[in-house]
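Residue numbers (this note's numbering): 325 to 529.
#1: Report yes or no: do three or more beta-carbon pairs, one from the region 455-463 and one from the region 348-357, lie closer than 8 Å?
#2: Kindly list the residues whose CB is nearer than 6 Å to the CB of residue 424, restricted to its own chain and excluding five residues on each side of it in sequence; keep chain order.
#3: Check this for me: beta carbons of residue 427 and residue 523, under 8 Å apart or not?
#4: Going residue by residue through the region 360-417, where are the continuous alpha helix (DSSP H) segments of at least 4 residues, counting only ones entirely within it?
#5: Can you give, in chain order, each stretch of the alpha helix (DSSP H) that sits fully within the region 470-519 and has at least 4 residues?
#6: Among the candidates 334, 398 and 475, whose CA atom is the shortest distance from the CA of residue 345?
#7: Within 10 angstroms of its Cβ, does residue 529 collect 16 or more other Cβ (buried), or is it exposed?
#8: Let me check understanding here. Comparing Cα to Cα, which of 384, 408 and 372 lies closest to residue 446?
#9: Relative to the alpha-carbon of residue 485, which residue among 463, 516 and 382 has its alpha-carbon at the smallest distance?
#10: Check whether the Cβ atoms of residue 519 and residue 505 sit closer than 8 Å, and answer yes or no.
#11: Tell me the DSSP bridge mates of residue 330?
#12: Check residue 358 in the structure and name its three-state DSSP category.
#13: Using C-beta distances below 8 Å, list every residue in its chain close to residue 437, excluding the 5 sequence neighbours before and after it, in chain order.
#14: Ordered along the chain, which non-local residues of its own chain (more than five positions away) have a Cβ less than 7 Å from that of residue 419?
#15: Going by other Cβ atoms of all chains shown within 10 Å of its Cβ, with 16 needed for buried, is residue 400 buried or exposed?
#16: Given this structure, state the Cα-to-Cα distance separating residue 411 from residue 434, to the nearest angstrom.
#17: Using the Cα positions of residue 465 and residue 478, report the straight-line distance between them to the nearest angstrom.
#18: Considering only DSSP beta bridges, list what residue 455 is partnered with.
#19: Kindly identify the DSSP beta-bridge partner or partners of residue 337.
#20: Who are the near neighbours of residue 348 in its chain, counting only those whose CB is closer than 7 Å to its CB and skipping five residues on each side?
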């Protein structure tokens, strides 16, 4: 193993309470008749790209308006996350410090542009990571973005750590091992290693 690539939501942090506030505020400003989005609603779309999020949360809204609302939500979400942050999983920073002294670390997330930067700004963790990527910048799938980060940084023996079957699929597409963060939001069945708490990753050193 020469490097570690992380998913973000459900792996490094839980941003849902902050995201929920931002989305409800933005949606109600445009469509006050909409029902309140719940934590459960947002857990169900974590890790999806734009089209999937739109179809799940606002299926009854016309596509053009739906996408306009979502981009406004993403912008408000970035602002609020930069200010308030999310909930880091226990011992994230301590574990990242240990890992970064032994491996280069990276983030590949299915998020919009500016989201990873908001995570960095809120929690001051940018110094632990060498590079990151997302479909908001590239338009690529998660698997393709993992491959892009590997190629860009000359990685030959990376592992990917995430919390969903979609993360597992992305790791398989990039032909690298998948470590399943079972404490996160999703489920996965086929993995090389199960991680029950983020601090367990210290054992990789």
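Virtual Cβ for every residue (Gly too), placed ideally from N, Cα, C.
Per the coordinate set shown:
#1: With the cut-off at 8 Å, the region 455-463 and the region 348-357 do not touch.
#2: Residue numbering aside, residue 424 sits at position 100 when the chain shown is read from its first letter. Closer than 6 Å at the Cβ level, and outside the excluded window around residue 424, lie 452.
#3: Here residue 427 corresponds to residue number 103 of the chain shown, with the count starting at 1. Here residue 523 corresponds to residue number 199 of the chain shown, with the count starting at 1. No, these two residues do not count as a Cβ contact at 8 Å.
#4: Correct list: 363-367, 374-381 and 387-408.
#5: Counting only runs that start and end inside the region 470-519, the alpha helix (DSSP H) elements of at least 4 residues fall at 489-497.
#6: In the chain shown, counting from the first residue as 1, residue 345 sits at position 21. With respect to the C-alpha of residue 345, the residue from 334, 398 and 475 having the closest C-alpha is 398.
#7: Position 205 of the chain shown, counted from the first residue, corresponds to residue 529. With fewer than 16 other beta carbons inside 10 angstroms of its own, residue 529 counts as exposed.
#8: What you label residue 446 is simply residue 122 of the chain shown in a count that begins at 1. The option with the nearest alpha carbon to residue 446 is 408.
#9: Start at 1 with the first residue of the chain shown, and residue 485 comes out as number 161. Measuring from the Cα of residue 485, the nearest candidate turns out to be 516.
#10: Locating residue 519 in the chain shown gives position 195, counting from the first residue. Locating residue 505 in the chain shown gives position 181, counting from the first residue. In this structure, residue 519 lies near residue 505, with their beta-carbon atoms less than 8 Å apart.
#11: The sequence position of residue 330 within the chain shown is 6, counting from 1. In DSSP, residue 330 forms a bridge with 431 and 485.
#12: In the chain shown, counting from the first residue as 1, residue 358 sits at position 34. Here residue 358 sits in coil by DSSP.
#13: Numbered from 1 along the chain shown, position 113 holds the residue referred to as residue 437. Cβ neighbours of residue 437 beyond the five flanking positions: 458, 460 and 461.
#14: Numbered from its first residue, the chain shown carries residue 419 at position 95. Only 522, 523, 525 and 526 meet the Cβ criterion.
#15: Locating residue 400 in the chain shown gives position 76, counting from the first residue. Only buried fits residue 400, as 16 or more other CB atoms lie within 10 angstroms of its CB.
#16: What you label residue 411 is simply residue 87 of the chain shown in a count that begins at 1. What you label residue 434 is simply residue 110 of the chain shown in a count that begins at 1. Rounded to the nearest whole angstrom, the C-alpha separation of residue 411 and residue 434 is 19 Å.
#17: Position 141 of the chain shown, counting from 1, holds the residue named residue 465. Position 154 of the chain shown, counting from 1, holds the residue named residue 478. Taking the straight line joining both Cα atoms gives about 20 Å.
#18: The residue you call residue 455 lines up with position 131 of the chain shown. Answer by DSSP bridge pairing, in chain order: 430.
#19: Walking along the chain shown from the start, residue 337 turns up at place 13. DSSP, once it has assigned bridges, lists 333 and 412 as partnering residue 337.
#20: On the chain shown, position 24 is the one that residue 348 refers to. Around residue 348: 360 and 361.
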